[in-house]
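**Q**
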Amino acid sequence: MFRNFILAAAIAGTATIADAAPQVELWRLDCGRIAVNDLSVFSDTFAYAREKKTLTDSCYVIRHGADYMLWDTGLPAALLGKPLAPGEVLAPTLDRTVPDQLKEIAIKPEAIRLIGISHYHFDHVGQAADFPKARLMIGKTDLEALKASPAPFGADPSLLTPWLSGGAPLDTVEGDKDVFGDGSVVMLSAPGHTPGSHALLVRLAEKGPVLLSGDVAHFEKQFETGGIPPFNTNRAESLASMARLQAMARTLGATLVVQHDADDIAKLPAFPTSAK
Ligand SMILES: [Zn+2]
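Just so we're aligned: 86 in my numbering is position 75 of the sequence shown, and the numbers increase by one with no gaps anywhere.
1. Hey, how far is the Cα of Arg61 from the Cα of Ile239?
2. Contact between the region 248 to 256 and the region 184 to 196: three or more CB pairs below 8 Å?
3. Does the pairing of the region 31 to 46 with the region 72 to 86 give three or more beta-carbon distances under 8 Å?
4. Closer than 7 Å: is that where the CB of His209 sits relative to any heavy atom of ligand 1?
5. Specify the secondary structure class of Lys287 as computed by DSSP and reduced to three states.
6. If we define contact as Cβ-Cβ less than 8 Å, is Pro163 a contact residue for chain C?
7. May I have the straight-line CA-CA distance separating Tyr131 from Ala281, to the nearest angstrom?
8. What's the C-alpha gap between Asp272 and Ala46?
9. With distances taken from CA atoms, which of Lys119, Ala102, Leu250 and Gly207 is nearest Met80?
10. What span of residues does the beta strand (DSSP E) with Arg214 cover, start to end?
11. Roughly how many angstroms lie between the CA atoms of Glu121 and Leu50, to the nearest whole one?
12. From the DSSP output, read off the bridge partner residues of Ala102.
13. Could you give the distance in angstroms between the alpha-carbon of Ala20 and the alpha-carbon of Pro33?
14. Taking DSSP as the reference, what is the three-state secondary structure of Asp272?
15. Taking the alpha-carbon of Gly203 as reference, which of Thr67, Asp153 and Gln112 has the nearest alpha-carbon?
16. My guess is that Gly264 and Gly219 are in contact by the Cβ rule of under 8 Å, so how many angstroms apart are they, rounded?
17. So, under 8 Å CB-CB, Asp134 and Pro103 are touching, yes? Tell me the CB distance rounded to an integer number of Å.
18. Label Arg74 either buried or exposed according to how many other C-beta atoms from any shown protein chain fall within 10 Å of its C-beta, with 16 as the threshold for buried.
19. Is Gly208 buried or exposed, if buried means 16 or more other CB atoms sit within 10 Å of its CB?
20. What do you get for Ala179, buried or exposed, if any count of 16 or more other CB atoms within 10 angstroms of its CB means buried?
21. Just to confirm the assignment, what range does the beta strand (DSSP E) spanning Val227 have?
22. Report the residue from Phe57, Gly194 and Ser129 whose alpha carbon sits nearest the alpha carbon of Ala166.
23. What residue from Leu101, Leu125 and Val52 has the CA that sits closest to Asp78's CA?
24. Count the other CB atoms within 10 Å of the CB of Glu36; is the residue buried (16 or more) or exposed (fewer)?
25. Sort Tyr71, Glu217, Ser252 and Val221 by Cα distance to Gln233 and report the nearest one.
26. Taking Lys64 as part of the beta strand (DSSP E), name the residues at either end of that continuous run.
The following block contains the structure:
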């Protein structure tokens, strides 16, 4: 009898917590494309020679109750409509801006209160300054690198002027960061691609846990072949971060989404449908 009471109380307690938890919703946005005319630039062991691939540049909106957060902000709007340059090793272009897509799902730019950044490369911070009042969350060592002279490979600090100038709120992240304090959205330390790289865990009620990779990998095959771009800042950390995400995906039964992999992002509903 006593045992049944405890069990009933435990179930009731769980239901109360679940009812009170803010609803979490995740949209993926189209934040550009990058035609890679020589995929071997993503391997320091001469893999992928003579291969070509078009990488997607995805970014994400998360609703947590009444709060909205962006995860990465894609390529800069200056690339809107840019023809793909056939001769370039990496040719980026943008079809739609983030504010344009937010309008379609009735989210005003000023409703974006938080921006989480996976790392400092220009294809992840490109449109952040369209949300200059938002609180920016970025790895501490990535921020330090951005302030160095010269700026690190792949970074354009001017894209983050509202925060680097001290005019907008900024959180530097060391290790993991539980964004809303309830475990539903967690920035995961995943260094190697850059010193302060992060991935993002989003726990959804129906879809289950989703892991957004940042640039821990650029396409799924890198997990199989241990493909490390020579421009990563630390090879050993890169391998460790790949192992962390894969292990976490296994233990949580999470959907691992490699943000630059067009096949991978199809694991989430096509915009404007959200995952819940
Ligand atoms: Zn990238």
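Just so it is clear, CB atoms sit at the ideal spot from N, CA and C, and this is done for glycine as well. Model, not experiment: these values are computed from the prediction.
**A** According to the data block:
1. Looking at the two C-alpha atoms, the distance is approximately 17 Å.
2. At 8 Å Cβ cutoff, the stretches do not touch.
3. Taking a contact to require three or more Cβ pairs closer than 8 Å, the region 31 to 46 and the region 72 to 86 qualify as touching.
4. Not under cutoff, so the answer is no.
5. Coil at Lys287, not helix or strand.
6. Protein chains in the displayed structure number just one, and chain C is not present.
7. Near 26 Å, if we compare the C-alpha coordinates of Ala281 and Tyr131.
8. Answer to the nearest angstrom: the Cα atoms are 12 Å apart.
9. If we check each option's Cα against that of Met80, Lys119 comes out closest.
10. Element bounds for Arg214: His209 to Leu215.
11. Computed Cα separation, rounded: 38 Å.
12. For Ala102, the beta-bridge partners assigned by DSSP are Ala46.
13. Confidence at Ala20 is low in this model, with a pLDDT of 44, below 50, so the placement of that residue should be treated as unreliable; the coordinate-derived value is given next. When the Cα atoms are used, Ala20 and Pro33 turn out to be separated by approximately 22 Å.
14. Asp272 carries a coil assignment under DSSP once its states are collapsed to helix, strand and coil.
15. Of all alpha-carbon atoms in Thr67, Asp153 and Gln112, the one lying nearest the alpha-carbon of Gly203 is that of Asp153.
16. Sure, about 6 Å apart at Cβ, within 8 Å.
17. Sure, about 6 Å apart at Cβ, within 8 Å.
18. Buried: at least 16 other Cβ atoms inside 10 Å.
19. Note on identity: in this sequence residue 208 is Ser, with Gly being the wrong assignment. So Ser208 ends up on the buried side.
20. So Ala179 counts as buried.
21. Looking at the DSSP string, Val227 is not in any beta strand (DSSP E), and its letter there is neither H nor E.
22. Residue Ser129 is the option with its Cα nearest to Ala166.
23. Of Leu101, Leu125 and Val52, the smallest CA-CA separation from Asp78 is found for Leu125.
24. Glu36 comes out buried.
25. When Tyr71, Glu217, Ser252 and Val221 are compared, the shortest CA-CA separation from Gln233 is found for Ser252.
26. Lys64 -> beta strand (DSSP E) spans Lys64 to His75.
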